[in-house]
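Right, one structure below, let's go through it.
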Amino acid sequence: LDTIYLKDYAPPAWLIDKLDLHVAIHEEYTEVRGMLACRRNPAGPGGELVLDGEELALQELSLGGTALVDSDYTLDDDTLCIRAVRGAALPDHFTLETRVRIDPDSNTQLSGLYRSRDGYFSQCEAQGFRRISFFPDRPDIMARFSCTIEAERQDFPQLLSNGNLVASGTLGNTRHWARWEDPYAKPCYLFALVAAKLDMLEDSFVTRSGRVVRLAVYVEPGKLDQCGHAMSALKKSMSWDEQRFGLEMDLDHYMIVAVGDFNMGAMENKGLNIFNTKYVLARPDTATDSDYQNIDRVIAHEYFHNWTGNRVTCRDWFQLSLKEGLTVFRDQEFSADTHSSAVTRIQSVRQLRIAQFPEDAGPMAHPIRPVSYAEINNFYTATVYEKGAEVVRMIHTLIGRDAFRHGMDLYFQRHDGQAVTCEDFVAAMQDASGLDLSQFRRWYSRAGTPHLKAEGCYDAAVQRYTLTLSQSLAPTAYEQRLQDAGLAIEEGPLHIPVALGLVLPDGSDALEREYPAGTCVLSLTESTQRFVFDHIPAEPVASVLRGFSAPVHLDFPQSDAELAHLMAYDSDACNRWEAGQRLASRVLLAGVAAGGQDTAWIPESFVAAVDRVLDDGMRHDAALAAEALILPAEQVLAEEMAGRGQIIDPEAIHRSRLTLRHHLAARLRDKFEAAWQALAPSSPYAPDGLQVGRRALRNLALGYLAESDEAYLKGHVMPRLMAQCNADNMTDVIAALGTLANLDVAERTTALADFYTRWQDEALVVDKWLQVQATSRLPGTAMRVRALMGHGAFDIKNPNKVYALVRAFCAANPRHFHGADGEGYRLAADVILQLQAMNPQVAARIARAFDRWRQFDSERQSHARTQLERIQGSTNLARDVAEVVGNALG
Ligand code: HT7
Ligand code: ZN
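Okay, here's the thing in structure tokens:
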């Protein structure tokens with residue numbers, strides 16, 4: 092595999108100031124003409140003009156109107172090198188004219204220009220533009236784009252591209268055209284084009300400086316009643332970015348187009364965002380509360396990219412976290428400000444633990460700014476996105492909200508219109524705050540999750556509390572890869588912000604007098620450091636890493652009683668939740684050690700703690716209680732075992748979690764019943780904070796009630812589950828259906844069949860139907876997933892279907908994916924082999940399910956190795972898959 096290295100970055104030899112595109116869509120082919128205004132880069136290394144191009148059939152090539160001859164250029168599978176014009180040296184400025192044919196109808200990769208149900212759509216990030224036209228496809232080439240699109244008027248009434256519509260017209264009887272000009276220079280990964288038949292919802296937004304921006308959301312015909320929420324999310328995002336960061340929309344038009352075939356969530360193309368339908372369409376009866384929240388988050392994320400990503404972009408793809416980490420941080424802050432900040436933080440931390448911590452411990456481990464890649468699409472990872480956001484958050488925590496805002500202002504003052512590096516961002520933050528971030532910069536180049544060890548000691552005689560903190564970071568697979576490539580490995584301690592509270596026996600914060608919120612932020616910069624606190628009137632319980640102030644594993648041997656104290660009194664909601672998770676993990680891992688059966692390992696104090704959380708949730712914050720009552724995920728428990736050097740036992744983990752659920756259901760049945768009754772809806776559905784919290788807790792209670800003994804289940808719970816399958820909102824329906832999908836009862840079959848009959852024409856709802864079956868805990872799930880792959884509802888060419896069925900099975904059903912018979916691994920490998928030729932990006936994402944295969948027992952390892960080697964030995968192994976599987980096999 093060819094590897095690309097950060098150290099080899101060189102500025103481009105040529106700059107492209109303008110690109111004028113003409114795209115003519117015909118039934119048999121699409122013709123793309125490009126006029127590139129080229130200029131020798133005075134700061135470049137010199138040499139020929141190298142253009143990227145993939146699957147482009149070259150029809151014509153001329154320079155300044157002179158057709159080039161064979162000896163003037165070379166063309167291979169992925170590059171076009173222009174050396175001369177009729178044998179003479181290239182001038183310093185010229186216009187290059189290219190004409191190519193492409194075949195979007197056979198583009199199953201969904202990168203470049205492709206056909207979907209309602210028309211033609213583009214996806215250019217990271218390197219899709221080279222599949223549309225010859226161009227230097229790298230983010231540090233920023234050009235002014237204009238684009239004329241031509242197509243059949245009846246089939247493709249909407250012709251859209253970035254910027255402003257400057258002219259349009261008809262061509263003969265059946266065709267029409269539209270010309271768009273983008274006033275901002277941009278890298279080609281932000282180019283977009285749509286030619287489709289869609290319905291449109293239109294609105295407007297007046298910016299704080301009084302400019303009117305026209306907003307439009309385009310969706311599949313007939314779905315206008317599902318785009319109101321997306322539009323209001325967009326307007327909320329626009330206001331929020333003005334208020335929080337002083338950032339205004341800079342275009343006259345902002346368009347969002349939803350498409351059902353899309354590899355990822357959405358794409359921030361300048362002024363013409365293209366979205367996966369699942370982050371646009373919502374109606375109470377088709378979308379769940381979490382769908383509504385995800386729409387808010389993703390719409391905001393793409394909108395925020397307009398500044399963090401588009402106005403200031405990345406110099407090269409190694410800097411991806413510059414835009415993604417920062418934009419995830421911004422969308423998290425938006426969610427915190429517009430929903431509950433505690434719930435938002437808890438959900439982010441849970442997600443980090445489920446997806447990013449295992450990645451950092453596995454064969455694909457990399458820093459948020461990697462130094463090499465074979466396929467850049469494999470680096471749109473939880474590390475670059477979510478850990479990247481944690482790194483930005485740590486800067487925010489260290490320098491404070493005001494200095495962070497100054498840092499952002501300075502970043503835009505310095506770099507608006509430029510393609511820059513992560514270093515430029517950190518420098519702006521350092522200069523704005525005056526805090527030396529040199530050591531902090533190590534977070535950008537280190538892989539792995541550090542361990543933070545804490546030890547507390549209270550001296551009652553002098554009323555002094557001493558906290559000793561130590562950090563360590565074990566080498567990961569990344570260091571091995573660096574070594575193999577002869578690259579330097581960085582060492583030395585990290586700069587870790589540790590937010591600390593000291594909770595007194597009466598529940599109050601001991602540090603309240605010195606720190607307004609009772610929390611101080613310690614800077615841990617050495618391997619080991621001692622922090623001393625005087626005037627602490629009684630022995631406190633330390634609340635370390637409040638708000639999860641750093642992405643680390645905390646090793647702090649606090650007693651069950653201390654954790655229970657934090658659960659009850661910590662003024663930081665995130666750490667109240669965290670204390671509950673630590674307690675639950677401790678109990679569950681004791682259960683795993685005991686084989687997961689009987690209940691002797693479940694302490695009475697844990698049942699009492701759950702009881703208190705439930706009470707509290709009924710009286711105060713239902714949403715927080717619902718978060719607190721979700722037991723640590725099987726994947727998180729698996730990582731805890733791996734972190735202790737134990738072999739992961741997916742069966743025992745599953746059993747112990749299930750036993751604990753049954754036990755809680757039996758012991759607290761009356762409480763769960765009371766919660767279910769008390770939280771019954773009293774007003775029409777709305778996805779607002781209060782209702783969302785009440786539904787979450789009520790459905791959680793119902794889930795526990797469904798773990799009751801058979802008689803109670805049949806007599807009291809089943810009728811409710813069946814009735815709830817006909818609720819007026821999808822949140823309640825899917826909660827009931829998901830619960831039924833786990834039960835070996837006749838009603839399961841009826842409910843699933845009825846659901847499919849009702850929703851078979853609503854693609855996103857069918858995805859939910861596939862997903863609840865893929866994540867079922869019933870025996871035989873792997874076999875049923877395989878059978879569903881043959882069902883008319885499944886389509887391997889549609890990423891949403893693959894994610895709903897196959898990825899859900901591989902990533903969210905660890906017990907069955909890692910089934911001892913190896914059937915889960917075989918299923919994944921079959922899909923990867925079939926998919927890699929059609930859509931290597933999605934195939935590689937599925938292949939990531941094998942990341943942790945070496946942490947399992949020898950029998951499972953042998954099954955996994957067989958499948959990995961089978962994939963690696965396949966003919967036409969896709970580069971995307973080869974990198975993932977190659978790293979997995981080591
Ligand atoms: N910046 C966007 C990334 C993206 C993407 C990357 C590779 C292949 C397909 C893709 N679709 C979108 C999305 C974002 O982070 O906002
Ligand atoms: Zn993004």
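Start counting at 1 in the sequence shown, then tack on 91, and there's your number in the working numbering. Ideal placement from N, C-alpha and C gives every residue a C-beta, glycine not left out. Computed from a predicted model, the values in this text were never measured in an experiment.
If you draw a straight line from the C-alpha of A743 to the C-alpha of R444, how long is it? A straight line joining the alpha-carbon of A743 with that of R444 spans about 20 Å.
Given a cut-off of 8 Å on the beta-carbon distance, is the pair V856 and L828 in contact? Cβ distance not < 8 Å, so V856 and L828 don't count as in contact.
With respect to the beta strand (DSSP E) encompassing L152, which residues constitute its N-terminal and C-terminal limits? Per DSSP, the continuous beta strand (DSSP E) segment holding L152 begins and ends at A148 to L154.
How would you write the range of the beta strand (DSSP E) that W105 sits in, first residue to last? That run of the beta strand (DSSP E) goes W105 to I116.
Straight-line gap, V434 to G137 (C-alpha atoms, nearest Å): Answer to the nearest angstrom: the Cα atoms are 53 Å apart.
Could you check the C-alpha separation between R460 and Y535 for me, to the nearest Å? When rounded, the distance between both Cα atoms is 5 Å.
Compute the beta-carbon to beta-carbon distance between G144 and F236, rounded to the nearest angstrom, for a pair I have assumed lies under 8 Å. 17 Å between Cβ atoms; not a contact.
Cβ shell of S696 (< 7 Å), same chain only, five flanking positions each side left out: Same-chain partners within the cutoff: D651 and A655.
What residues does the ligand ZN have around it, judged by CB closer than 6 Å to any heavy atom, in chain order? The filter returns H392, H396, E415 and T418, in chain order.
Between the Cα of A134 and the Cα atoms of D161, L106 and S747, which residue gives the shortest distance? Selection D161, L106 and S747 evaluated against A134 yields L106 as nearest (Cα-Cα).
With contact counted as at least three CB pairs below 8 Å, one residue from each stretch, are the region 705-725 and the region 859-874 in contact? Contact annotation: the region 705-725 does not touch the region 859-874, with fewer than three C-beta pairs closer than 8 Å.
Please classify D527: is it buried, with 16 or more other beta-carbons within 10 angstroms of its beta-carbon, or exposed? It counts as exposed.
Can you find a heavy atom of the ligand HT7 that lies under 7 Å from the Cβ of Y471? Result yes, Cβ under 7 Å from the ligand HT7.
Have a look at the DSSP bridge pairing and note the partners of G135. Answer is none; G135 lacks a bridge partner.
Contacts around M809, its chain only, beta-carbon distance under 8 Å, and the 5 residues preceding and following it disregarded: Once the five neighbours on either side are set aside, the close Cβ partners of M809 are V836 and E838.
Buried or exposed: where does N56 fall if 16 or more other Cβ atoms within 10 Å of its Cβ makes it buried? In this structure the chain extends from 92 to 981, so residue 56 is not present and cannot be described.
I want to check one thing, is the minimum distance from the CB of N401 to the heavy atoms of the ligand HT7 below 7 Å? Taking non-hydrogen atoms of the ligand HT7 into account, the C-beta of N401 is found less than 7 Å away from none of them.
Return yes when at least one heavy atom of the ligand HT7 lies under 7 Å from the C-beta of G356, else no. Yes, the beta carbon of G356 sits closer than 7 Å to at least one heavy atom of the ligand HT7.
Comparing C-alpha positions only, which one of D163, M322 and A899 sits nearest to F296? Closest option to F296, Cα to Cα, is M322.
Which listed residue (K892, M929, A902 and E950) has its alpha carbon closest to that of G913: When each option's Cα is compared against that of G913, the closest is E950.
Sheet register partners of I365 (DSSP bridge): Note: I365 sits in a beta bridge opposite V348 and M358.
Can you give the Cα-Cα distance for D228 and L284, rounded to whole angstroms? The alpha-carbon separation between D228 and L284 amounts to approximately 17 Å.
Given a cut-off of 8 Å on the beta-carbon distance, is the pair D422 and P778 in contact? Contact check for D422 against P778 fails: the beta carbons are separated by 8 Å or more.
What does the alpha-carbon distance come out to for the pair L306 and R222? Going from the Cα of L306 to the Cα of R222 covers about 29 Å.
Could you give the distance in angstroms between the alpha-carbon of E415 and the alpha-carbon of R335? Counting only the Cα atoms, R335 lies some 18 Å from E415.
List, from N- to C-terminal side, the alpha helix (DSSP H) runs of 4 residues or more that fit wholly inside the region 550-579. You should have 568-575.
For the ligand HT7, I want to know if Q927 counts as a neighbour, meaning its beta carbon is within less than 7 Å of at least one of the ligand's heavy atoms. It does not: the Cβ of Q927 is nowhere closer than 7 Å to a heavy atom of the ligand HT7.
DSSP on N255, reduced to helix/strand/coil? For N255, the secondary structure class from DSSP, reduced to helix, strand or coil, is strand.
Give the straight-line distance between the Cα atoms of G806 and P596, rounded to the nearest whole angstrom. Straight through space, the alpha carbons of P596 and G806 are spaced by roughly 45 Å.
At a cut-off of 7 Å, would you count E359 as near the ligand HT7, judging by its Cβ distance to the nearest heavy atom? Yes, Cβ of E359 sits closer than 7 Å to a heavy atom of the ligand HT7.
Looking at the structure shown, is D228 part of a helix, part of a strand, or coil, going by DSSP? D228 carries a coil assignment under DSSP once its states are collapsed to helix, strand and coil.
Return the chain-ordered list of same chain residues with a C-beta closer than 8 Å to the C-beta of K888, the five sequence neighbours on each side being excluded. These residues qualify, in order along the chain: T199, D352, M929 and N930.
Can you give the Cα-Cα distance for L489 and H745, rounded to whole angstroms? Roughly 39 Å separates the two Cα atoms.
With distances taken from CA atoms, which of T619, E974, A934 and E630 is nearest A601? By alpha-carbon distance to A601, the top candidate from T619, E974, A934 and E630 is E630.
Strictly by DSSP, which residues pair up with G416? Residue pairing by DSSP places G416 opposite no residue, since no beta bridge is assigned to it.
Burial state of V985 (16 or more Cβ within 10 Å): In the structure displayed, the chain extends from 92 to 981; residue 985 sits before or after that span and is not available.
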